[in-house]
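Everything below concerns the one structure shown next.
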Amino acid sequence: MYMNANYPACTCCNPLFYHFWLQVMRRKFLQGTETLTAAIMGSGSKSMNAQTYFAASSGSHSGKDQGKGKQNAIAKDPGIAETSPPVPTIYVAKKIITMEDSQPTAEAVAVLGDTILAVGSLKEVQQALHNLGYHHVKKDEIDRTFENKVILPGFVEHHIHPLLGAMTMAVEIIAIEDWTVPGKESKAAQDETEYKNRLKAALVKMRDSGSPENETLFTWGYHHYFHGICYRDALDQICEEVGQQNRPVVIWHRSCHEFIFNTVALNKYNIHQDWIDTGDPQEQNQADLANGHFWEKGMELILSNIALDLLSENRVKAGLDIFRKYLLSKGITTICEPGTQMDEEIHEQIWNPGLNTEDTAFRTYFIPDGRVLYDEHKNSNSVGKLIEDTESWLDKGTGKVDWLPNQVKLFADGAIFSQLMQLQDPYLDGHQGEWIAKPKDYKAAFKIYWEAGYQIHTHVNGDEGLRVVIETLSNNIKSCDRPDHRFTVVHFAVSTEEQVQELKELGAIVSANPYYVTALADKYSHKGLGPERALNMVRLGSVANEGMKIGLHSDMPMAPADPLFLAWCAATRILAEKIDKSLKPIVAAPEQCISVERALSGITIESAYFIQKEDEVGSIKPNKKANFAILEEDPLAVPKQQLKDIAVWGCVFEGQKFPAHQQPETLPIEVSKFDLKHVNLAAMARTRG
1 MYMNANYPAC TCCNPLFYHF WLQVMRRKFL QGTETLTAAI MGSGSKSMNA QTYFAASSGS
61 HSGKDQGKGK QNAIAKDPGI AETSPPVPTI YVAKKIITME DSQPTAEAVA VLGDTILAVG
121 SLKEVQQALH NLGYHHVKKD EIDRTFENKV ILPGFVEHHI HPLLGAMTMA VEIIAIEDWT
181 VPGKESKAAQ DETEYKNRLK AALVKMRDSG SPENETLFTW GYHHYFHGIC YRDALDQICE
241 EVGQQNRPVV IWHRSCHEFI FNTVALNKYN IHQDWIDTGD PQEQNQADLA NGHFWEKGME
301 LILSNIALDL LSENRVKAGL DIFRKYLLSK GITTICEPGT QMDEEIHEQI WNPGLNTEDT
361 AFRTYFIPDG RVLYDEHKNS NSVGKLIEDT ESWLDKGTGK VDWLPNQVKL FADGAIFSQL
421 MQLQDPYLDG HQGEWIAKPK DYKAAFKIYW EAGYQIHTHV NGDEGLRVVI ETLSNNIKSC
481 DRPDHRFTVV HFAVSTEEQV QELKELGAIV SANPYYVTAL ADKYSHKGLG PERALNMVRL
541 GSVANEGMKI GLHSDMPMAP ADPLFLAWCA ATRILAEKID KSLKPIVAAP EQCISVERAL
601 SGITIESAYF IQKEDEVGSI KPNKKANFAI LEEDPLAVPK QQLKDIAVWG CVFEGQKFPA
661 HQQPETLPIE VSKFDLKHVN LAAMARTRG
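Here the sequence shown is numbered in UniProt numbering, starting from 1 and rising by one per residue.
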């Protein structure tokens with residue numbers, strides 16, 4: 001039986017998550033992995049010269065250069081004669097929604113290189129170009145690709161996890177929500193029967209495709225609250241029912257912090273009691289061999305056994321390829337991972353090449369994980385060097401990848417998907433929440449970063465966790481007041497009205513995941529929270545009424561990285577798959593809905609504000625980056641219930657058109673260990689610490 005106390009302390013970014021992936025990507029694996037680097041880069045290896053030109057022509061985007069101020073001038077290509085000056089392009093559209101109060105809409109926008117020159121009516125833009133000295137803009141320099149479409153600022157996803165996003169999309173998805181990614185569409189499995197039927201169908205598909213019998217079916221998305229208990233014996237029975245009793249099956253939990261194996265998989269990966277007995281007490285306590293269930297530290301214990309297959313070179317390449325194209329299909333041109341992996345080789349060998357390919361139509365920013373850094377310095381009695389160490393990461397990015405200065409991610413309580421947030425009133429079943437960082441450690445790290453002038457992003461989900469966060473913020477403001485500190489509450493699941501008012505008074509801003517309501521409010525009304533707390537989760541209506549900044553994020557793969565879908569979640573609060581007796585959707589706490597206009601702001605200009613990029617992206621305005629999301633319909637004109645269904649043509653990223661529909665499709669790649677060059681991943685995973 002599932003015990004909530006054994007569930008993961010966080011979803012994407014707790015200490016165990018960090019060490020889980022750190023094991024897979026450590027130095028011993030990354031040294032000498034030219035084949036993996038080349039695979040991840042894919043077609044990007046052919047485009048590095050072009051990428052160098054783009055960087056030179058639009059100004060450097062490194063953390064060092066950003067600190068010197070934005071560079072708006074467009075450098076000349078040395079290969080072009082002085083007599084051939086660059087010529088602006090004018091895009092015309094059915095409507096341009098600028099997200100600028102001074103000029104909310106327009107019909108034309110002029111772009112030179114990666115920069116917006118002018119916005120307005122076509123006549124106004126032409127006149128503006130004339131005033132800027134461009135006297136000979138010809139008809140063929142007016143681009144009418146979007147004349148029947150709607151242009152918005154490129155969407156800003158300020159909280160996403162590229163590694164988890166890539167890897168979960170590269171395996172068989174059977175989840176509690178729809179996932180549409182390049183090459184496949186996975187509909188939601190809402191109950192136990194549907195989940196098991198989908199699992200059977202996946203097994204049959206592998207059999208009929210001629211897949212070797214010993215090739216493992218990896219599947220992600222299972223959640224016990226929705227899909228019932230599906231342990232080792234149940235998996236064995238499912239496999240037998242479709243004649244696949246010799247097929248290894250590994251279920252990756254929706255939270256990404258648990259694995260469940262059938263008997264064949266346990267045997268394939270040599271997971272037996274003698275192996276489990278080599279673990280420390282916590283690893284042994286969180287490893288249930290009889291049920292094939294491994295979570296938290298127990299999951300780490302068996303990671304080295306499965307890493308060879310799960311994180312193969314081919315799968316990493318396929319996952320990143322899907323990830324890049326998926327973001328393009330959603331109109332996203334800026335992403336950020338707060339609390340990224342603090343391992344230099346991962347960034348040098350995985351992210352810098354993997355997120356700089358020619359088809360990468362977004363810029364990536366990373367924010368250091370202050371909890372990991374603080375713990376390391378605390379354990380080595382060198383806390384005085386914490387800020388120096390944090391700053392040392394700022395030059396690790398290259399090209400389209402960069403690190404954000406003077407920002408850091410800290411953590412309070414546990415995750416919502418595992419119901420381990422800290423609550424002021426008990427859970428219905430009496431289980432206890434957990435702290436990711438003990439309050440005393442959180443407060444100590446907070447004080448150091450606060451006094452150093454950092455913007456602090458804090459992961460917090462429960463109202464008791466939020467109480468500690470508010471107390472910490474208040475005490476630091478009293479001792480060291482700071483203007484424009486932009487302290488950020490991240491996730492914001494369970495809170496009280498009084499806490500919203502306190503946050504307003506303290507100048508905090510709220511980065512929320514509105515999908516919690518859509519996916520979990522109904523189920524949690526009956527399990528764990530009760531209706532009052534569950535239906536009022538993510539109370540953005542109250543935040544909006546207080547005049548606070550609101551940003552919407554996916555925390556992908558905890559929610560689809562689909563900004564229009566997130567805006568729909570925030571504007572409607574419709575419970576997934578639920579209707580009342582009149583066949584109408586059920587809305588959770590209607591007073592907590594926000595307007596469509598505010599929801600769109602939360603995925604554009606306000607989202608950019610959360611990572612201090614509002615002067616560069618998030619709206620369509622002269623001198624900002626030419627980043628546009630191209631939509632087939634006007635999100636302000638359709639009924640808000642249809643917001644999530646608006647088709648995305650693609651985007652303009654830093655002045656270049658990227659049509660999503662013309663991108664070659666990539667199917668998930670399942671590979672066996674015999675396809676690998678060496679066992680680098682497994683050796684890597686065995687490197688502890």
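Backbone N, C-alpha and C define an ideal beta-carbon position, used for all residues, glycine too.
How close, in whole Å, do the beta carbons of residue i and residue j come, if the pair is a contact with beta carbons under 8 angstroms?
i      : j      : result
Ala202 : Glu172 : 5 angstroms
Asp522 : Leu566 : Not a contact, Cβ separation roughly 18 angstroms.
Arg232 : Cys239 : Not a contact, Cβ separation roughly 11 angstroms.
Ala512 : Leu540 : 6 angstroms
Ile306 : Tyr365 : Between Tyr365 and Ile306 the Cβ distance is about 31 angstroms, and since that is not below 8 angstroms, they are no contact.
Leu631 : Lys149 : 6 angstroms
Please identify the residue among the options whose C-alpha is closest to the C-alpha of residue i.
i      : options                           : result
His331 : Gln501, Asn627 and Ala637         : The residue you asked about is not His; residue 331 is Gly in the sequence shown. Answer by Cα proximity: Asn627.
Gly507 : Ile387, Phe487, Val372 and Ala589 : Phe487
Ile470 : Ala175, Tyr449, Ser495 and Glu597 : Ser495
Thr219 : Asn267, Asp395, Asp309 and Pro212 : Asp309
Pro514 : Glu497, Ala445, Phe492 and Glu300 : Phe492
Ala170 : Phe155, Ser186 and Lys385         : Ser186
Asp425 : Gly618, Ala534 and Gly551         : Ala534
Ile605 : Glu505, Pro153, Lys138 and Gly120 : Pro153
Asn461 : Gln432, Gln419 and Phe155         : Gln419
Lys297 : Lys138, Leu311, Ala599 and Asp280 : Asp280
Val489 : Phe411, Asn545 and Ala519         : Phe411
Pro557 : Ala660, Ala544 and His257         : His257
Thr518 : Ala118, Asp634, Leu217 and Pro560 : Pro560
Trp252 : His224, Asn381 and Tyr442         : His224
Gly133 : Asp143, Thr145, Ala118 and Ile142 : Ala118
How many Å lie between residue i and residue j at the Cα?
i      : j      : result
Gly113 : Gly655 : 6 angstroms
Ala108 : Lys657 : 16 angstroms
Ala287 : Pro353 : 36 angstroms
Lys478 : Gly602 : 30 angstroms
Pro182 : Cys651 : 16 angstroms
Ser47  : Glu358 : Confidence in Ser47 is poor, its pLDDT being 35 and thus under 50, which makes the residue's placement too unreliable to answer from.
Tyr524 : Pro531 : 7 angstroms
Asn197 : Glu177 : 16 angstroms
Trp393 : Asn475 : 29 angstroms
Thr180 : Val648 : 13 angstroms
Ser102 : Glu597 : 15 angstroms
Val510 : Gln501 : 12 angstroms
Leu199 : Ile160 : 27 angstroms
Gln237 : Asp395 : 52 angstroms
Asn356 : Ala318 : 15 angstroms
Val468 : Trp295 : 27 angstroms
Ile387 : Ile448 : 8 angstroms
Lys28  : Thr216 : Here Lys28 scores only 37 on pLDDT, less than 50, and its place in the model is too uncertain to base an answer on.
Using C-beta distances below 6 angstroms, list every residue in its chain close to residue i, excluding the 5 sequence neighbours before and after it, in chain order.
i      : result
Ala621 : Contrary to the premise, residue 621 reads as Lys rather than Ala in this sequence. Cβ within range, chain order: Glu100.
Asp369 : Gly339, Met342 and Lys409
Glu147 : Val92
When we look at the beta-carbon of residue i and count the other beta-carbons within 10 Å, is it buried (16 or more) or exposed?
i      : result
Ile229 : exposed
Gly243 : exposed
Lys625 : buried
Ala452 : exposed
Asp463 : buried
Lys385 : exposed
Gly547 : exposed
Gly430 : exposed
Asp402 : buried
Gln455 : buried
Asp645 : exposed
Gln592 : buried
Using a Cβ-Cβ cut-off of 8 angstroms (strictly less than) and excluding sequence neighbours within five positions of residue i, which residues of its own chain qualify?
i      : result
Val204 : Val242 and Gln244
Pro104 : Ile97 and Thr98
Lys640 : Trp568, Ala571, Thr572 and Val596
Leu428 : Lys527, Gly528, Leu529 and Gly530
Ile174 : Ser186, Ala189, Tyr195, Arg198, Leu199, Ala202, Thr219, Trp220, Gly221 and Tyr222
Lys613 : Val156, Thr334 and Tyr365
Tell me which residues share the same chain as residue i and place their Cβ nearer than 7 angstroms to its Cβ, disregarding the 5 neighbours each side in the sequence.
i      : result
Tyr516 : Ile416, Ala493, Met537 and Val538
Leu328 : Ala361, Gly650, Cys651, Phe658, Ala660 and Gln663
Phe446 : Leu410, Ile456, Thr472 and Asn476
Using a beta-carbon distance below 8 angstroms, is residue i in contact with chain C?
i      : result
Pro585 : Looking for chain C here will not work: only one protein chain is present.
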